[in-house]
Amino acid sequence: GAAGGAAASEGLGAPVKAGIGGLVAVAAAAGLVFALVNNSGPGQPPKAKPPVAQPLVPQKPAPSPEPPEPAAPKPPPPTPAPTPKPTATPAEKPAEKPAPSPKPTPSRTPAPKPPAKPRPTPPPPPAPKPPPSPKPPPAPAVFQVNQLAYGAFGDGSKPEVRLGASGWLWQRSSVSIGGTRYGHGVTTHSASSVTIDLNRSCSRYEALVGVDDLTMGLGSVRFSLYGDGTRLWRSPVLNGGDAAVPVDVEISGRKTIRLVVEPHTPFDVVALADWARSRISCR
1 GAAGGAAASE GLGAPVKAGI GGLVAVAAAA GLVFALVNNS GPGQPPKAKP
51 PVAQPLVPQK PAPSPEPPEP AAPKPPPPTP APTPKPTATP AEKPAEKPAP
101 SPKPTPSRTP APKPPAKPRP TPPPPPAPKP PPSPKPPPAP AVFQVNQLAY
151 GAFGDGSKPE VRLGASGWLW QRSSVSIGGT RYGHGVTTHS ASSVTIDLNR
201 SCSRYEALVG VDDLTMGLGS VRFSLYGDGT RLWRSPVLNG GDAAVPVDVE
251 ISGRKTIRLV VEPHTPFDVV ALADWARSRI SCR
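Going by full-length UniProt numbering, the residue at position 254 of the sequence shown is 254; the numbering climbs one at a time, nothing skipped.
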């Protein structure tokens with residue numbers, strides 16, 4: 001029994017134990033009051049009963065006060081406006097005396113202005129000069145073969161007949177081919193070769209070729225022109241009495257030319273061949 005009560009008392013919680021303790025205290029206080037009432041004598045006024053003790057109930061802790069809201073920052077004190085400096089009032093100048101009014105000048109009629117001279121009309125601008133025309137190239141120097149010197153007697157500044165490489169050459173003032181006479185030319189045999197050193201920059205060789213009328217219409221020949229060993233031109237076979245055939249050959253860049261005549265048959269060696277109006281154009 002004692003063990004069971006102890007176990008039961010241990011099983012009670014702390015709140016139950018506190019309540020029992022409170023009831024015991026209340027009962028003790030009531031007994032004390034009752035004793036005091038009974039002990040008072042007759043005719044004594046009843047004493048006031050002490051208040052019944054209330055059981056102690058644990059109070060809930062008061063909530064902590066909330067922190068006050070921070071006060072709004074005070075506005076900065078206004079900046080005092082600068083005190084304007086007193087402006088110095090300029091001293092008033094003494095009033096100037098009025099200038100004496102000028103005496104009226106007698107009015108005069110102005111002389112009339114002379115008429116303006118008319119401005120001269122500027123002359124028209126001169127017409128622009130036309131650009132100068134290009135200078136024409138210098139005329140080529142023309143050398144007639146009937147006037148050429150032989151190399152042994154020339155100065156090397158113009159075309160010359162090479163003496164050791166040329167056959168018989170008859171330089172004439174006039175020749176006749178096919179019944180037509182020409183002002184100048186050269187005559188060779190029907191089998192001949194004449195070499196000419198140009199000695200400068202030359203461009204053309206020109207002539208009229210044929211059988212000379214001195215052969216009385218006999219003989220047939222062929223003419224050829226060579227430049228530096230290369231044949232540049234060749235005629236057909238020309239017979240005695242045929243009209244002259246023109247020769248016009250470009251010889252630019254050549255250093256020598258060679259006039260060649262060949263007989264058509266062995267019996268034609270008696271013929272004479274003419275290079276009428278034979279000439280060389282050079283710069």
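Heads up, the beta-carbon is just placed ideally off N, CA and C, and yes, glycines get one too. For clarity, every value in this text was computed on a predicted model and none was experimentally measured.
{"Asked": "Specify, as a first and last residue, the run of the beta strand (DSSP E) that glycine 210 falls within.", "Found": "202-211"}
{"Asked": "Skipping 5 residues on each side, what residues in its chain have a beta carbon closer than 7 Å to that of phenylalanine 143?", "Found": "Lys158, Pro159, Arg279, Ile280 and Cys282"}
{"Asked": "Considering only the beta carbon of each residue, do aspartate 268 and serine 190 sit closer than 8 Å?", "Found": "yes"}
{"Asked": "Is it right to say alanine 152 is buried, meaning 16 or more other beta carbons lie within 10 angstroms of its own, or is it exposed?", "Found": "exposed"}
{"Asked": "If I follow the unbroken beta strand (DSSP E) through tyrosine 150, where does it start and stop?", "Found": "It is not in any beta strand (DSSP E) - tyrosine 150 carries neither H nor E in the DSSP assignment."}
{"Asked": "Give the DSSP-derived three-state secondary structure of leucine 272 in the structure shown.", "Found": "strand"}
{"Asked": "Counting along the chain, where does the beta strand (DSSP E) carrying isoleucine 177 start and finish?", "Found": "175-177"}
{"Asked": "Can you give the Cα-Cα distance for glycine 240 and glycine 210, rounded to whole angstroms?", "Found": "8 Å"}
{"Asked": "Is leucine 232 helix, strand or coil when you go by DSSP?", "Found": "strand"}
{"Asked": "Check whether the region 167-179 touches the region 215-222, taking contact to mean three or more Cβ pairs, one atom from each stretch, closer than 8 Å.", "Found": "no"}
{"Asked": "Name the two residues that bound the continuous beta strand (DSSP E) containing isoleucine 251.", "Found": "It is not in any beta strand (DSSP E) - isoleucine 251 carries neither H nor E in the DSSP assignment."}
{"Asked": "Could you check the C-alpha separation between proline 266 and serine 192 for me, to the nearest Å?", "Found": "14 Å"}
{"Asked": "Can the beta-carbon of residue 289 be found less than 8 Å from the beta-carbon of phenylalanine 223?", "Found": "In the structure displayed, the chain extends from 1 to 283; residue 289 sits before or after that span and is not available."}
{"Asked": "Look up histidine 189 in the DSSP assignment and give the residues it is bridged to.", "Found": "Leu272"}
{"Asked": "Measure the C-alpha to C-alpha separation of tyrosine 182 and valine 247 and round it to an integer number of angstroms.", "Found": "15 Å"}
{"Asked": "For tryptophan 168, which residues from the same chain have a beta carbon less than 7 Å from its beta carbon, with the 5 sequence-adjacent residues on both sides left out?", "Found": "Thr188, His189 and Ser192"}
{"Asked": "In whole angstroms, give me the CA-to-CA distance for leucine 238 and valine 249.", "Found": "19 Å"}
{"Asked": "How is proline 180 classed by DSSP in three states: helix, strand or coil?", "Found": "According to the sequence displayed, residue 180 carries threonine and not proline. DSSP places threonine 180 in strand when its eight states are reduced to three."}
{"Asked": "Does the Cβ-Cβ distance between alanine 244 and glycine 179 come in under 8 Å?", "Found": "no"}
{"Asked": "Report all residues from its chain with a CB closer than 6 Å to the CB of aspartate 197; omit the five preceding and five following residues, and keep chain order.", "Found": "Glu160, Arg162 and Thr256"}
{"Asked": "Could you give the DSSP three-state label for threonine 195: helix, strand or coil?", "Found": "strand"}
{"Asked": "Nearest by alpha-carbon distance to serine 220: which of Pro115, Leu272 and Leu259 is it?", "Found": "Leu272"}
{"Asked": "May I ask you to report which of helix, strand or coil DSSP gives leucine 163?", "Found": "coil"}
{"Asked": "Of the choices Leu259, Pro263 and His264, whose alpha-carbon is the least far from that of tryptophan 275?", "Found": "Leu259"}
{"Asked": "Roughly how many angstroms separate the alpha carbons of alanine 207 and proline 138, rounded to a whole number?", "Found": "22 Å"}
{"Asked": "Spatial neighbours of histidine 264 within its chain, please: C-beta separation below 7 Å, excluding the five flanking residues on both sides.", "Found": "Ser220, Val221, Arg222 and Val237"}
{"Asked": "Any heavy atom of the ligand COA closer than 7 Å to the beta-carbon of glycine 227?", "Found": "With respect to the ligand COA, the structure offers nothing, as it holds no ligand at all."}
{"Asked": "For tyrosine 205, which option in Ser252, Ser176 and Asn199 has the closest C-alpha, if you only look at C-alpha atoms?", "Found": "Ser252"}
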